[in-house]
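Working notes, beginning with the structure itself.
There are 2 protein chains.
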Amino acid sequence: MQLAEAKEKFIQAWGALGSNWGINRTMAQVHALLLVSPESLSAEAIMDALNISRGNANMNLRALIDWGLVQKEHKSGERREYFYAEKDIWQVAQQVMLERRKRELKPVLKVLEEVKEIDPKEETPETKAFLESVSNLSTIVGQADKFLDIATRAERGWFLNTLIRMFARTMKSDSKE
Amino acid sequence: MQLAEAKEKFIQAWGALGSNWGINRTMAQVHALLLVSPESLSAEAIMDALNISRGNANMNLRALIDWGLVQKEHKSGERREYFYAEKDIWQVAQQVMLERRKRELKPVLKVLEEVKEIDPKEETPETKAFLESVSNLSTIVGQADKFLDIATRAERGWFLNTLIRMFARTMKSDSKE
DNA sequence: CGGTACTTTCAATCATTTTTGAAAACCAAT
DNA sequence: ATTGGTTTTCAAAAATGATTGAAAGTACCG
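Here the protein sequences come in this chain order: A and B. Just so you know, we're using our numbering here: the first sequence kicks off at 1 and counts up by one. Just so you know, we're using our numbering here: the second sequence kicks off at 178 and counts up by one.
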């Protein structure tokens, strides 16, 4: 396979993954492109590589900067801006976890708490079932949140080791517990 | 707050969360509705509760069944079908992890492997950077996949305990490692 | 200043996804 | 085998989300 072909394939796959997870396909593609570019790229270069308009490139670059995944660079002497992506994938993952937690998990947790405050006069089975579901849900979502918080702060090595340890345990006691 | 109001709020929040994560808003709402209904519901009831058409209700119910989150029930004497959701949230979470892993993580892992096979004659910095990014990426994605595999099989209690242990550790050695 | 080289914005357009609703298929009871 | 209640399908319509492109904005330079 040629490099160009491989890049293309990777960019497409990353775009598809993104769009399955609620991230704008083009934004994911721009990110993919920057990830595999050793040098920072101008808006121009990105537009050309992905066949998108200036406006589109600009918007998605801003969004990526907003997510903390991409940064601007001013090359001295040059007037135009260049963009490059954080290359340490663990950092990228952490940044994504941080943002999604903030943007999506927190609001849901908030609603779950609010919704627990039902007028307790209603003692129907419906109310009971509702409160039970909600409280289970907020337990799990809360745990996920806590977990992501840990992952977000952890050193890559520590986190990895813990995973391995967990994995080893599971293997040993596989179908018995 | 009244029960009806609380339900509505919850259904909306769940729908919004779903759509941020690439899941059809209505599908998430149907799921939410069934989650908080102690009794199984007919398609009719769901259509009414969410103001959606028969076709829409049907399609999303099928999709939920497909994801293993909802099941049909035939009430004896009745001709119409009733639907209910798995209420154990840990099981729901596991099912979702299982499906997304299968549907989205696996294909990406496959592409990452394919894309490593570049004609090694191209020894440019671009090729190097590309291969490095890809290999880092497949390490992380592979680890995420393995982690989800564990989570997917684990008993709720065991998993929770491990999380707590991880959390305790992090707290103790917070900013030093 | 005024010009040049860019970046940003945003209303209009285009593309994709979701929803509808009516027709077809299904299926149990007569 | 016909009826009536029900589910399923799917082409078309509606809604939503993404993209464009041109105009407005910004900043640097002489």
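Cβ atoms here follow ideal geometry from the backbone N, Cα and C, with glycine treated the same way. Only a predicted model underlies this, so the values are computations on that prediction, with no experimental measurement involved.
Exercise. Tell me, please, whether the CB atom of Gly199/B is closer than 8 Å to any CB atom in chain A?
Key: Taking CB atoms only, Gly199/B has a neighbour in chain A less than 8 Å away.
Quiz item: Quick one: what's got a C-beta closer than 7 Å to Asp56/A's C-beta in the same chain, skipping five residues either side?
Solution: Sequence check: residue 56/A is Asn here, not Asp. Spatial neighbours of Asn56/A in its own chain (CB-CB distance under 7 Å, excluding positions within 5 residues in sequence) are listed in chain order as Thr26.
Quiz item: For Asp322/B, which of Gly334/B, Thr301/B, Arg280/B, Asp296/B has the nearest alpha-carbon?
Solution: Cα-wise, what sits closest to Asp322/B is Arg280/B.
Quiz item: Ordered along the chain, which non-local residues of its own chain (more than five positions away) have a Cβ less than 8 Å from that of His251/B?
Solution: Excluding residues within five positions, the ones whose Cβ falls inside 8 Å are Glu258, Tyr259.
Quiz prompt | Proximal chain A residues relative to Leu180/B, where beta-carbon distance stays under 9 Å | solution = At a C-beta separation below 9 Å, Leu180/B has these neighbours in chain A: Ile118, Asp119, Glu122, Thr124, Glu126, Thr127, Phe130.
Quiz item: If you count every other CB in all the chains shown that lies within 10 Å of the CB of Thr304/B, and 16 or more means buried, which is it?
Solution: Label assigned to Thr304/B: buried.
Self-check item: Start and end residues, alpha helix (DSSP H) containing Val247/B
Solution: Here Val247/B belongs to no alpha helix (DSSP H); instead the beta strand (DSSP E) covers 247-251.
Quiz item: Exposed or buried, what is Gln2/A when buried is set at 16 or more other beta-carbons lying within 10 Å of its beta-carbon?
Solution: When all chains shown are included, Gln2/A counts as exposed.
Practice problem: Name the residue from Gly245/B, Glu182/B, Gln271/B whose alpha carbon lies nearest to the alpha carbon of Phe336/B. | Solution: The candidate whose alpha carbon is nearest that of Phe336/B is Gln271/B.
Quiz item: How about Leu246/B: is its C-beta nearer than 8 Å to some C-beta of chain A?
Solution: By this cut-off, Leu246/B is not an interface position.
Quiz item: Hey, is Asn60/A's beta-carbon within less than 8 Å of any beta-carbon in chain B?
Solution: No, because no Cβ of chain B sits closer than 8 Å to the Cβ of Asn60/A.
Quiz item: Would a C-beta distance cut-off of 8 Å place Ile11/A and Leu41/A closer than the cut-off?
Solution: No.
Quiz item: Is Glu291/B closer than 8 Å to Leu9/A when the C-beta atoms are compared?
Solution: Per the sequence shown, the amino acid found at residue 9/A is Lys instead of Leu. Their beta carbons are under 8 Å apart, which means Lys9/A touches Glu291/B by this criterion.
Quiz item: Is there contact here, the region 134-154 of chain A with the region 304-318 of chain B, by at least three beta-carbon pairs under 8 Å?
Solution: Counting Cβ pairs under 8 Å, fewer than three are found: no touch.
Self-check item: Three-state secondary structure assigned by DSSP to Glu300/B
Solution: Residue state, collapsed to three classes: coil.
Quiz item: Can you find a CB in chain A that lies within less than 8 Å of the CB of Met343/B?
Solution: By this cut-off, Met343/B is an interface position.
Quiz item: Just the Cα atoms here: how many angstroms apart are Asp119/A and Asn228/B?
Solution: In a straight line, the C-alpha of Asp119/A is about 26 Å away from that of Asn228/B.
Self-check item: Residues of the region 306-325 of chain B with Cβ closer than 7 Å to any Cβ of chain A, in chain order
Solution: Within the region 306-325 of chain B, the residues whose Cβ lies closer than 7 Å to some Cβ of chain A are Ala306, Phe307, Ser310, Val311, Asn313, Leu314, Ile317, Gln320, Lys323, Phe324, listed in chain order.
Quiz prompt | Proximal residues, the region 210-241 of chain B versus chain A, C-beta separation under 8 Å | solution = So the list reads Leu212, Val213, Ser214, Pro215, given in the order they occur along the chain.
Quiz item: In terms of residues, what are the limits of the beta strand (DSSP E) holding Ala331/B?
Solution: Unbroken run through Ala331/B: none, as it is neither H nor E.
Quiz item: What span of residues does the beta strand (DSSP E) with Glu81/A cover, start to end?
Solution: Here the beta strand (DSSP E) through Glu81/A covers 81-85.
Practice problem: For chain B, find out if any of its Cβ atoms is closer than 8 Å to the Cβ of Lys106/A; answer yes or no. | Solution: Contact with chain B is absent for Lys106/A, since none of that chain's Cβ atoms lies less than 8 Å from the residue's Cβ.
Practice problem: Would you please verify whether the beta carbon of Val111/A is less than 8 Å from any beta carbon of chain B? | Solution: Chain B, which has a Cβ nearer than 8 Å to the Cβ of Val111/A, makes this yes.
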